[in-house]
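> Read in order, the letters of the sequence shown are residues 178 to 579 in my numbering.
Would you mind keeping the following structure in view while I ask a few things?
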Amino acid sequence: MLKPNLCYASLKDSYLFFHIAQKTRAYLEAHPDAHLYRMGIGDVSLPLAPAVIRALHAAVDDQGEKGRFHGYMPECGMPSLRETIAAHYGRRGVFLSPDEVFVSSGASDELGDILDLFDRSSRAVIMEPAYPAYVDANTMAGREIVHLPSGPENQFLPLPEEGLDADLIYLCSPNNPTGSAYNRQQLGQWIDWANRRGAVILFDAAYEAFIEEDLPHSIFEIPGARSCAIEICSLSKTAGFTGTRLGYTVIPKELERCGMNLNAMWVRNRTTKTNGVSYILQQGGTAVFTDEGQRQIHENIRVYKENARVLMKALDAVGIRYWGGHNAPYIWMECPRGIGSWEFFDLLLNEIQVIGTPGAGFGACGEGFFRFSTFGDPADTREAADRLIRLLQREAGGSSAS
Ligand code: PLP
């Protein structure tokens, strides 16, 4: 009898967003007229930039004209888009050859698919709290996972510890869910560790466009990264492509292990397992990197940043500790009175109809914390912030009286 991949039996149920949806549905069944203030899910609320829409329409028209029609696209990406992305890095002082850039259908696909490059016996370190896909993709691949917890003591930015024994490490900066971002010196420590060990860093830069402080947007800004890192990036949050789908992955040509070149291996992988990303989407993605596109996507990012400012102000007003908000579209707050993150979820839903994400869903060390996404509607975010202040003030009054 066929034996399925038994590693799937080790997966934990994808409990987090399912459970949130269940609780939300139950609340709405009991209160059909209620308006919910949704600040849980990390999905964008603003539409694509006009420059992108124009490029998508033009590309659709191309597909209807004999002389301009495109069939299969090159598996690793349209050469002009690979050049455009390399030039975008160049403006930040990171010099890539276009064939070090691979166009993808998004970061989630790549985070899982890239594991094809590594032996199953390699151990993966995952900094936690973490985006749940890292653990699940490695579990499906049968890989041993080392959980690297973080907390307020290190600002949710763990560093390589003495004796840390692993071959692959996932670093996400700016981080989902904590919003923390590594500085150059801290990333340098990871790069030294990886180069010394012969490990590979999988650097998830999905939120780099939200950085506002003097912090690295790319791991390749740090010396030594080209011999130990792969960067995975996405237009999902940068440019509202969550439902449109486009991303890119950077694999330097000098990244080699056991005499094998990882860039060449990825070319072989993509040319076998994909037939490229659609012409239409790559044309839309190209528009993101034009001056007009950059200006327009940053207008949208500014709206999300204003949401972050409103929420941070509310938490400041009630003296709650939080991380993130400045360099990422997430705010990671400490639950009041030491209550559990699901208990806090229920409190917000039932008392003020605000939905966030319990920290426990991002790994054990996320318990006691709560994530707000800043991608919501601005008017809803302002109302949610007011409600949060009133609730937390009432809570503080209640707890000091008891
Ligand atoms: N990486 C992180 C840290 C994310 O939070 C997300 C989506 O929320 C992704 C990757 C996935 O991005 P994409 O939409 O490109 O698959």
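The C-beta atom is built at its ideal place from N, Cα and C for all residues, glycine as well.
Assuming serine 395 contacts alanine 382 (C-beta within less than 8 Å), just tell me the rounded distance between them.
Yes, serine 395 and alanine 382 are in contact; Cβ-Cβ is about 6 Å, under 8 Å.
> Helix, strand or coil for leucine 188 per DSSP?
Reduced to three states, the DSSP call for leucine 188 is coil.
> Please name the residue in Glu338, Pro329 and Thr451 whose C-alpha comes closest to that of valine 323.
It is Glu338 whose Cα lies nearest to the Cα of valine 323.
> Cutting at 6 Å between CB atoms, please list the residues of its own chain near alanine 505, excluding the five before and the five after it.
Closer than 6 Å at Cβ, skipping near neighbours: Pro351, Gly356, Tyr384 and Phe387.
> I need the DSSP call for arginine 215, collapsed to helix, strand or coil.
Residue state, collapsed to three classes: strand.
> On a Cα-Cα basis, can you pick out the residue from Glu528, Pro227, Gln460 and Ser413 that is closest to arginine 245?
It is Gln460 whose Cα lies nearest to the Cα of arginine 245.
> Beta carbon of threonine 415, beta carbon of isoleucine 508: below 8 Å?
Against a cut-off of 8 Å, the Cβ pair of isoleucine 508 and threonine 415 comes out as no contact.
> Report the residue from Gly254, Asp313 and Tyr347 whose alpha carbon sits nearest the alpha carbon of tyrosine 185.
Checking every option, the nearest Cα to that of tyrosine 185 belongs to Asp313.
> For a test of your reading of the model: does the CB of serine 395 fall under 7 Å from any non-hydrogen atom of ligand 1? Yes or no.
Checking every heavy atom of ligand 1 against the Cβ of serine 395, none is found closer than 7 Å.
> What residues does ligand 1 have around it, judged by CB closer than 6 Å to any heavy atom, in chain order?
In chain order, the hits are Gly219, Gly283, Ala284, Ser285, Tyr308, Cys349, Asn353, Asp381, Ala383, Ser411, Ser413, Thr419 and Gly424.
> Using 8 Å as the Cβ pair cut-off and three pairs as the minimum, do the segment 294-303 and the segment 508-527 touch?
In short, these stretches do not touch, since the Cβ pair count stays below three.
> Could you have a look at glycine 501 and say whether DSSP puts it in helix, strand or coil?
Strand at glycine 501.
> Using a threshold of 8 Å, state whether the C-beta atoms of phenylalanine 547 and glycine 540 are closer than that.
For phenylalanine 547 and glycine 540, no; Cβs fall outside 8 Å.
> Would the beta-carbon of asparagine 477 fall within 8 Å of that of leucine 213?
Cβ atoms of asparagine 477 and leucine 213: not closer than 8 Å.
> Rounding to the nearest angstrom, what Cα-Cα distance links serine 579 and isoleucine 566 in this structure?
No answer about serine 579 holds up, because its pLDDT of 34 lies below 50 and its placement is not dependable.
> Among Pro555, Trp500 and Ala464, which residue has its Cα nearest to the Cα of leucine 258?
With distances taken between Cα atoms, leucine 258 lies closest to Ala464.
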